[in-house]
Each structure stands twice: as structure tokens, then as C-alpha cells.
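Residue numbers (the numbering used here), protein chains in the order written: chain A, 1 to 289; chain B, 1001 to 1402.
From the three backbone atoms N, C-alpha and C, an ideal C-beta is built for every residue, glycine too.
Keep in mind the model is a prediction, meaning the values are calculated, not measured.
First the structure, in the form of C-alpha cells, and then the observations on it.
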């Protein structure tokens, strides 16, 4: 029996136990792992961390709205061949040299096991995932131009991320292991920030996190701030030399956290009303329209 | 094994297929559940459930199946009330644990279940720090932040990490798709209005440049043109939104839908009109509902093509007179010769693809203020509640003629 490989997380990437679990399940069952989650929860970075932890090479296939399933397998560079036939010296009867493997093809052809990250699969056309079903199932494909079959020597570990911009087809989902990355809670977030800024003052971090989670709890924000925005903001706070006690009162550098006009207005209103409520807390005040 | 679990999941609306079930069996055989219930919980969820919006249903089924305890929502809420103001978590030392263990022993599931059911029936309020009732910080088998060798944790946080009651926490409740969510989710739902537009029909009138190059090269350089169908979206939408008055409580969700509709740039045309309570002779161009910025409803019906898909947003709750009588308009100075209901019927006849989205939750339509008029409007338009699930259904409805 082959040695079971287990993912344990890496120093620079904080992973929750159930995510680690899901990764190991997908590796053990050799099914693609589909990762969903709010933007900024570290979906893409996960694959890098797995690659480092398992000490395997990482291939990244970035999906764009124009990407076709065929691109991942191979591209037949017919234009180059035509050019060569008219002006070049190369032997155009050898079609093989005009076949360029895509990322999926590379992963199959690789002499050792690799990690393949299919990033943001939901960016592509609706049919895209379905077009890959067969290849991901049997881990091989056929190139009619050369009569070759590219088959995986070692089943690559396939990680797929999605931002849920489109629904993925059921047939595709059935073949995946699914994991939803929760937004980290305060303790985990503190660990994550620590990984990036090891020398951060403790009370600055506590205050910053308090303000950050308060901000996320506001109803009606169009775009909630995420981890990467928090990291930027914390850096801004340190560089700006803001005293910790000012943070949750004023939320300086709000622009690092919020990216929309309306969100600014909502937050400032809330911040203001919170401030006046705190002042009025001792005064017993009646409400009325 | 666990075949009932499979069927229960399906009954609760988690779309589990046989393929996935076999994968789960494969995983169990490979020992991935680590012979523990919590291992099984995560393994089965990763393999069987493919959307976070089903996590909550999964949790409920899991809880139900592996505890065999019926937990109607009301009961849960009741118990949650008892658990308010808990005692601080009490840490039990090793000796204390052993003493309790000796005294109580491990109860078997059946008697524990029976006992819990009995407690749920007879307990009348919070009890903390004791050894019998559901509460916190004691040595009763039910509750949290205490210790009992074979107890059931109810709410609270796990301090001993022994029992799998994670499911009871229902962490994914807010991801349910029958709850309302944000602008982004609305946008995604609206995007489906494009999916069904011309993909297979229409003439091939666009040059497919890429294919032309490929085919020409394969043809050894002799030009070969490849044509394709253009994929324009032909969906045209008219949105009519109720503002002010009884819609005030729903202003937040309506504005979210509003921004989602406006961000959806994929419609061929989008018309947005406002009304107050019911539609009469005029439709307003902005939310102030002033007559100076309005168009005649008559003109809208006459000028727009009938292939516009009409989306009405409103609570449909008003005085019956506003809907059924001439001069029923809530603005007294604007009389109306035709009753509102006639206008609604005319709009429905003209735009045969139509839906009504109601921000009032569907379960209270029959007893909320305005239930008579909701019923009457429902007779004219297919009505859905304004949640993600409702919007999804509405979008599907809009693709087929009534």
C-alpha cells in the first residue's frame, strides 16, 4: 500500500481543523476538492500551503471568462504551423511540435505527483465544468491530431476554488468533495494577523479586531471588509502610529476597510449614533417620534 | 449502513445522489471517519453536501438522526431561554470527575433519551448548577458548562470536547437560502434571467474569428469562414416598486434588490417605476411619488412591447377600497376613474411574463394586515416572497408564460 499523505497545514497559513480534514479526505479519496467561501478567506493560498506541506509542485490554472476547457488540455498551434509551412524551415509534418499542453495536460504528463489549482472556476462559461468531467474522472485525454493519449502517471491533487458567481452543474458537484471556508472568528483572526505581523502590540490588535468585527456586524453593508482588508488596515494603523484607544472610537483610515460610498455613509451614521448612545447611557431618555 | 440517513437527507431537501453516497461508503471503508461521530459528521458533510445553503438542513438531519430526539423549534427556543444567564463554566478536577463517574456510571442512550424527554415535558424554568434539570455548570446530564460522564450538551460551548453536539449549534443557519441575504446573492439570482435567453435559436450571423483561423490553418491556408450565433441577451425587464407607507419596514431589503437590479447590466432594457400602495393612472419615475415626475400608466401599457418581463415589488397590503373602488387612491387629490385592480389586471394581461415579489414572509400572508388584498393580488399575479429562494422561483417563473 502506498504511504498515506496527510496535510497538516503550514506555519504561514492558519488552517481550521475541519478544512484540514476536508483536504485529507479529498486526497485519500482522490476526488477534486471544491473550496467556496467569502472573498478573502484564503481559498487560493490554501493550495500553496498544501503544496508546501506535502512538498509537491503546484500548477495554477487561472480561469477567465474566456477560458475554454480545451485550453486546459492542449492547444494545437495551427497558425505557427501554417507560418512554418510557408516561411519556416521546420518540418511541418511533425504535428507533435505544434501541440502545447495546457495546465491540466501538464499535470497529467508530470513525472511526479503535483497539486493542480483550478482557480475561480465560476468565472468561466456555464458549460466549462461539465466539459472537464470526463478528463477529471479518468485522468486522461486523447489528442486526435497526433493520435496520442495523455494519461496521468500519478493522479494529481485537484483543488478548485469558486466565488459562487455562477451555480456549478450538479454532475460536476457530485464528483467533488466540498468545503465551505467560514469567515474566521476573532481568536483565529488574531492568529492570522499574528502570522503576518508577528511584532504587533497585543492591545492594538484586540482593539482593531473589536472594531473590525463590529464593522462586519453592521446591517446593510454592500461589501463587508475581509481578511486582506483587515491586514492592510492593521498595517496602516501601525504605520500611522494610532493609539489603541482611538481605534474603535473613530476607526481611522476607514478607507482601507470600506470600498463603497454607501457603506461609508452607513458606517459613519452608526458610529455617530453609537457615540451619542454611549454619552447618553447615564441619562434616562425616553424615545418618541 | 445509515441508509435511513440518506433518505432523511433527501426528504429534507438536501440533494444527495447515489454517486456521492457510494463515495461516502468508500471513505468509511478507508477509515476516514476515524471511527468517531465527529469524524463521520465532517466526512459525510464534505462528501454529500455541495452548498453551504444546505449545511443547516444537514445539521438538522444529523442531529435528528443521531440523537433520535424530536426537537421542534419551539421547544428549542424554550430550552434556549432556560440556558440564558449561565453559570461560569465549572472546571472539574480529575478526582471530582472520577467521583461523579463512580456515582453515576455511564447511562445508556435509551434511558438518557427518555429522561431528556421527561425533563423537557416537566421542567418549568431555568435551573443552574444542579444535578437534575437542564441547566449550566452542574452535574446534570443535560445542559452545558458542567460535567456528566454521558451527558447531552445543550447549547453553550464544549469544554470537554466529548460529545458531538456541534450540529445543534446550527452555525450555518444564516446561509439557508430561504433567508434573505445581500445584494450579491440577489445579483446572482437575477443573472439567471440571462441563462435562458437565445443560446440555441437565432441565425448564425457573427464571424467566429478564432474558429475561422483554426479552420483556415487546418485547411492549409485556404480561407474557410466559420459563422456563429451572436449571444445577445434579449431579456427586457420592467420593475414596478411600491414605496412608502406600509413598505417602510422593508426599505432595507428593497434597496438591496434595487441595487442588484441596477447592477445587472445584462438586460437589453430595464424600466423602473414606482407606485404607492396600488397602481392607478400614473406611474412615478422616482421614489418621491410626485405627480410632476410621472408617466401615464396607459402610455406604459401602450408603448412597451409585451415581451417585457414585469416584476412587481410590494406588500400588496392596503385597504380593500384602495384596490377595488374608483377614487380609492390614498392620495385624495388624485382621483381615479378605474379601480386599482383593473389597472393591475390590464398590466398583467399586457405583460404576460409577470411576478409579484412580496417582502412580507409567506407564512403570514393569510393573517397579516391586508391579507384580503394580498389574496386578490395573488389571483392576478404569481406571488413569491422576497427572499433568495423566492426570487429564484420568480426568475424561473419569468422564463415561462403563465
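Residue environment, residue 115 of chain A, which counts as buried when at least 16 other CB atoms sit within 10 Å: buried
Coarse secondary structure for residue 1067 of chain B, derived from DSSP in three states: helix
In this structure, how does DSSP classify residue 102 of chain A when only helix, strand and coil are distinguished? Residue 102 of chain A falls in the coil class under three-state DSSP.
Count the other CB atoms, across all protein chains shown, that sit within 10 Å of the CB of residue 1329 of chain B; report buried if there are 16 or more and exposed otherwise. buried
Interface residues of chain A around residue 1030 of chain B at Cβ under 8 angstroms? 28, 29
Check each residue of the region 9-29 of chain A: if its Cβ is closer than 7 angstroms to any Cβ of chain B, include it; give the result in chain order. 18, 21, 22, 25, 28, 29
Residue 1344 of chain B and residue 1368 of chain B - do their beta-carbons sit closer together than 8 angstroms? no
Under 9 angstroms, CB to CB, which of the residues in the region 184-202 of chain A have a partner in chain B? none
Between the region 1023-1049 of chain B and chain A, which residues of the former have CB atoms less than 7 angstroms from a CB of the latter, in chain order? 1023, 1026, 1027, 1030, 1032, 1042, 1043, 1046, 1047, 1049
CB contact below 8 angstroms: residue 268 of chain A versus chain B: So, not an interface residue.
Who are the neighbours of residue 1309 of chain B on chain A, taking C-beta pairs under 7 angstroms? Neighbours of residue 1309 of chain B on chain A: none; closest Cβ ~20 angstroms, over 7 angstroms.
With a threshold of 16 other CB atoms inside 10 Å of the CB of residue 233 of chain A, please say whether the residue is buried or exposed. buried
Could you name the residues of the same chain whose beta carbon sits closer than 7 angstroms to that of residue 1016 of chain B, not counting the 5 residues immediately before and after it, in chain order? 1006, 1009, 1010, 1048
Residue 1190 of chain B beta carbon less than 8 angstroms from that of residue 1264 of chain B: yes
Measure the alpha-carbon distance for residue 59 of chain A versus residue 1397 of chain B and round it to whole angstroms. Using only the alpha carbons, I get a separation of about 43 angstroms.
Can we say the region 157-166 of chain A touches the region 1018-1032 of chain B, given the rule of at least three CB pairs closer than 8 angstroms? no
Tell me the rounded alpha-carbon separation between residue 1245 of chain B and residue 1314 of chain B. In this model, residue 1245 of chain B and residue 1314 of chain B are separated by some 11 angstroms (Cα to Cα).
Check residue 947 of chain B in the structure and name its three-state DSSP category. No statement about residue 947 of chain B is possible, as the shown extent of chain B runs from 1001 to 1402 and does not include it.
State buried or exposed for residue 207 of chain A, treating a residue as buried only when at least 16 other CB atoms are found within 10 Å of its CB. buried
Given that residue 1019 of chain B touches chain A, what residues does it touch there, using C-beta distances under 8 angstroms? Simply 174, 175.
In the structure shown, what three-state DSSP assignment does residue 1383 of chain B receive? In the three-state reduction of the DSSP assignment, residue 1383 of chain B falls in the strand class, which pools E and B.
Between the CA atoms of residue 1327 of chain B and residue 1336 of chain B - distance to the nearest angstrom: 5 angstroms
Span separating the alpha-carbon of residue 61 of chain A from that of residue 72 of chain A: 8 angstroms
Three or more beta-carbon pairs under 8 angstroms between the region 34-50 of chain A and the region 72-84 of chain A, yes or no? no
Using only the alpha-carbon positions, how far apart do residue 83 of chain A and residue 139 of chain A sit? Straight-line Cα distance between these residues: approximately 33 angstroms.
Examine chain B for any beta-carbon lying closer than 8 angstroms to the beta-carbon of residue 78 of chain A, and answer yes or no. yes
Spatial neighbours of residue 1162 of chain B within its chain, please: C-beta separation below 6 angstroms, excluding the five flanking residues on both sides. Annotation note: pLDDT 33 at residue 1162 of chain B (below 50); position unreliable, no value reported.
Distance, Cα to Cα, residue 196 of chain A vs residue 38 of chain A? 20 angstroms
Against residue 1217 of chain B, what residues of chain A qualify as contacts under a CB-to-CB distance less than 7 angstroms, listed in chain order? Result: 78, 79, 81, 82.
What does the Cβ neighbour count give for residue 1354 of chain B, buried or exposed, with the cut at 16 atoms within 10 Å? buried
Go ahead and pull the three-state DSSP assignment for residue 1009 of chain B. helix
Measuring CA to CA, which of B:1051, B:1254, B:1243, B:1247 is closest to residue 1290 of chain B? B:1243
C-alpha distance - residue 118 of chain A paired with residue 1391 of chain B, whole-angstrom precision: Taking the straight line from one Cα to the other gives about 30 angstroms.
Bridge partners - residue 1229 of chain B, DSSP secondary structure assignment: B:1204
Given residue 1253 of chain B as reference, the closest of A:45, A:222, A:126 once Cα atoms are compared: A:222
Is it true that the CB of residue 1238 of chain B sits closer than 8 angstroms to the CB of residue 1310 of chain B? yes
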